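Number of protein chains: 2
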Amino acid sequence: MTEPVFRRLCLVGAGLIGGSIARRARERGDLAGEVVVTARSAATLSRVRELGFADRVVEDAAEAVRGADGVILCVPVGAYAAVMRRIAPALEPGAVLSDVGSTKGSVVRDLAPLLPPGVHLVPAHPMAGTEHSGPDSGFATLFEGRYCILTPQPEGDAAAAEKVAEFWRRCGSLVETMDVATHDKVVAIVSHLPHLIAFVICGTADDLAEETRESVLKFAASGFRDFTRIAASDVAMWRDVFLNNREAVLEMLARFTEDAQAFGRAIRWGQEEFIVDRIERGRKIRRGLIERKQA
Amino acid sequence: MTEPVFRRLCLVGAGLIGGSIARRARERGDLAGEVVVTARSAATLSRVRELGFADRVVEDAAEAVRGADGVILCVPVGAYAAVMRRIAPALEPGAVLSDVGSTKGSVVRDLAPLLPPGVHLVPAHPMAGTEHSGPDSGFATLFEGRYCILTPQPEGDAAAAEKVAEFWRRCGSLVETMDVATHDKVVAIVSHLPHLIAFVICGTADDLAEETRESVLKFAASGFRDFTRIAASDVAMWRDVFLNNREAVLEMLARFTEDAQAFGRAIRWGQEEFIVDRIERGRKIRRGLIERKQA
Chain A
57 MTEPVFRRLC
67 LVGAGLIGGS
77 IARRARERGD
87 LAGEVVVTAR
97 SAATLSRVRE
107 LGFADRVVED
117 AAEAVRGADG
127 VILCVPVGAY
137 AAVMRRIAPA
147 LEPGAVLSDV
157 GSTKGSVVRD
167 LAPLLPPGVH
177 LVPAHPMAGT
187 EHSGPDSGFA
197 TLFEGRYCIL
207 TPQPEGDAAA
217 AEKVAEFWRR
227 CGSLVETMDV
237 ATHDKVVAIV
247 SHLPHLIAFV
257 ICGTADDLAE
267 ETRESVLKFA
277 ASGFRDFTRI
287 AASDVAMWRD
297 VFLNNREAVL
307 EMLARFTEDA
317 QAFGRAIRWG
327 QEEFIVDRIE
337 RGRKIRRGLI
347 ERKQA
Chain B
57 MTEPVFRRLC
67 LVGAGLIGGS
77 IARRARERGD
87 LAGEVVVTAR
97 SAATLSRVRE
107 LGFADRVVED
117 AAEAVRGADG
127 VILCVPVGAY
137 AAVMRRIAPA
147 LEPGAVLSDV
157 GSTKGSVVRD
167 LAPLLPPGVH
177 LVPAHPMAGT
187 EHSGPDSGFA
197 TLFEGRYCIL
207 TPQPEGDAAA
217 AEKVAEFWRR
227 CGSLVETMDV
237 ATHDKVVAIV
247 SHLPHLIAFV
257 ICGTADDLAE
267 ETRESVLKFA
277 ASGFRDFTRI
287 AASDVAMWRD
297 VFLNNREAVL
307 EMLARFTEDA
317 QAFGRAIRWG
327 QEEFIVDRIE
337 RGRKIRRGLI
347 ERKQA
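Line order of the protein sequences matches chains A and B. Using my numbering, you'd call the opening residue of the first sequence number 57 and step up by one each time. Using my numbering, you'd call the opening residue of the second sequence number 57 and step up by one each time.
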């Protein structure tokens, strides 16, 4: 039997992602010898106990990470600094500290300064999720066939990075490595901006005069329906994503807004060629995605 | 056996929508006694003959509509004026002229002035579609359970409107009636603006520096993938939609842009409450859609 990646793994947070990791570890023997779960709310702790996907449930975060050779933060990225202040003194020398956040610049900013000597930080971002959240929403196959991006620090420990990579491969993920700045730009356009747009357009529709709004709900065609599916995502997670990938999100929003205004101007002035060119680019990108079997 | 709605139905255009209507009529006996199809391109005409879903395929549009008591325009809305100039002299007194376009103000603008006396105009918009186009893409169940919006003219013939309503009910659609201006506003926000955004964001991604762009294609998460699915739609159809629902699309784009800028400003200044409020409104609209079983 293959040796587990971590002797004792502590998951800080047990929502969709943390709960899915725990279930995966429970299903296979090669991720962690023991899974310890800690969470902030009493409701979550009690639900995790009921669901039974952790070997131990520990209320105090510092107590939970003690003795763990692997710690993965699975809370909204806005909570990292506070969590780190609590757990840093209890982290074991030699332990690997990782996370699952959708922003990586903020993670390095919030975790690196408090990192005890001998503890290795390997930020990770599994690109998987659903519109559901909470401890009940996780499942063992969530990460299968999905990318997981690691942003190890250039001066970091190579063995620790390889441990985290192997962990995610065993979760079924396709592991890629990227620098922090590139990661934050890429996710800003492929994920954060689309979510921002989805949240905004729902609000725009909600602000319409009563009669039109009722019809909007009634006739929401596929276009709008896809947007609202995105918009159903977890509130705290997305609040923190926007606040913690601020520069990249604002850059992509600015670029998108310029392009949307140019498209609007083309509509106003009847510039057929411009409009056709933009529609055809959309189709081209779509074909690119299909060729990459991501569609 | 139920009497067919139309003795002889002429479909002008045989793409996704026209081809689906013809297949539905072929499958059931109660839509049309005879289905005549005409189309502009020789390739489409020849393909329709091969597929065999029409009783007759006629090259000349005026010849095709002659003797028909029902005519449905199934071409991009930008082609309506030219088609109408060709067919108007051949339309039979008493015939019902309808269409399937996504804009309705432009349809009345382009068709009503050329309408011969005794021909009844009943604009219709079946809210159904896929990302595919052309005569091969249609199927008989496309309209089942989907809304079809009629925008009959206030001074129009009630019996003609009822004929078109019954036609769509027999196609499986939920028929609703609306005035032209409300229709154009509602579809601008539920369909046209989401498509505009999808086309634009693909272009924004395509304009990124080469390295980031490659990663964008590789890591396109679900958010961006949903957008590109929308963006795969037919070019000529969407060009004509934007150009022919200009005022409503520009109004909705302006409202959306203001709201997106406000969201961006909240990110820049770290206004958590504003961001949370907007995310929660998205979830609320989503719940509204689920309650209406449109999700």
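All C-beta atoms in this analysis are idealised placements derived from N, C-alpha and C, irrespective of residue type, glycine included. None of the values given here were measured: they were computed from a predicted structure.
Looking at the DSSP output, S154 of chain A bridges to A:I128, A:V178.
At a C-beta separation below 8 Å, E328 of chain B has these neighbours in chain A: R295, L299. In this structure A217 of chain B touches P208 of chain B by the C-beta definition: roughly 4 Å separates them, less than 8 Å. Chain A places a beta carbon closer than 8 Å to that of P250 of chain B, counting this residue as a contact. Within the model, the alpha-carbon separation for R334 of chain B versus L249 of chain A is close to 14 Å.
Spanning the alpha carbons of T100 of chain B and G108 of chain B requires a straight line of approximately 12 Å. Within 10 angstroms of the beta-carbon of D315 of chain A lie 16 or more other beta-carbons, which makes it buried. Within chain A, the residues whose beta carbon sits less than 8 Å from that of S271 of chain B are M234, T238, V242, listed in sequence order. Between the alpha carbons of E59 of chain B and R311 of chain B lies a gap of roughly 48 Å. When CB distances to chain A are screened at a threshold of 8 Å, the residues of the stretch 188-206 of chain B falling below it are Y203, I205, in chain order. Taking C-alpha positions only, R84 of chain B is separated from G320 of chain A by approximately 43 Å. Counting only runs of 3+ residues, no beta strand (DSSP E) is found wholly inside the stretch 238-324 of chain B. CA-CA distance, H176 of chain A to R103 of chain A, rounds to 31 Å. Secondary structure at E211 of chain B: coil, using DSSP grouped into helix, strand and coil. If you draw a 10 Å sphere on the C-beta of A214 of chain A, you find fewer than 16 other C-beta atoms in it, and that means exposed. By the Cβ-count criterion, P182 of chain B is buried, with 16 or more other Cβ atoms from all chains shown falling within 10 Å of its own Cβ. Measuring C-alpha to C-alpha distances from W294 of chain A to each of B:E266, B:E329, B:R295 identifies B:E329 as the nearest. Counting only Cβ-Cβ distances below 8 Å, A261 of chain A has contacts in chain B at I245, V246, I341, in chain order.
Contact between V246 of chain B and F280 of chain A holds: CB atoms are separated by about 4 Å, below the 8 Å threshold. Residue contact check for I73 of chain A against chain B: no CB pair falls below 8 Å. Within chain B, the residues placing a beta-carbon under 8 Å from that of I253 of chain A are I253, I257, A316, ordered along the chain.
Fewer than three beta-carbon pairs drawn from the stretch 261-269 of chain B and the stretch 113-124 of chain B are found closer than 8 Å, and the two stretches are therefore not classed as touching. A168 of chain A and G190 of chain A have their C-alpha atoms some 28 Å from each other. Residue contact with chain B for F223 of chain A: absent (no Cβ-Cβ distance below 8 Å to any residue of chain B). Between S289 of chain B and the set A:R337, A:V236, A:A78, A:E347, the nearest pair of CA atoms involves A:R337.
Listed in chain order, the non-local C-beta contacts of L198 of chain A below 7 Å within the same chain comprise S76, A184, local neighbours out to five positions each way being set aside. Distances from the alpha-carbon of R165 of chain A to those of A:L153, A:V178, A:A137 put A:A137 closest. Annotated three-state conformation of G201 of chain A is coil, per DSSP.
Within the same chain, A144, P145, L147, P149 come within 8 Å of P172 of chain B by CB-CB distance, once the 5 residues on both sides are set aside. Counting the other CB atoms within 10 Å of its CB gives W325 of chain B a total below 16, which places it among the exposed residues. DSSP places V121 of chain B in the helix class (H, G or I) of the three-state scheme. Interface residue (Cβ-Cβ distance to chain B less than 8 Å): G150 of chain A is not classified as such. Excluding residues up to 5 positions away in sequence, F199, E200 lie with their Cβ nearer than 6 Å to the Cβ of G228 of chain B in the same chain.
Here L67 of chain B is bridged, per DSSP, to B:V93, B:I128. Listed along the chain, the chain B residues whose CB falls inside 8 Å of the CB of E336 of chain A are V291. Of the residues assessed, T233 of chain A falls on the exposed side of the cut-off, its CB having fewer than 16 other CB atoms within 10 angstroms.
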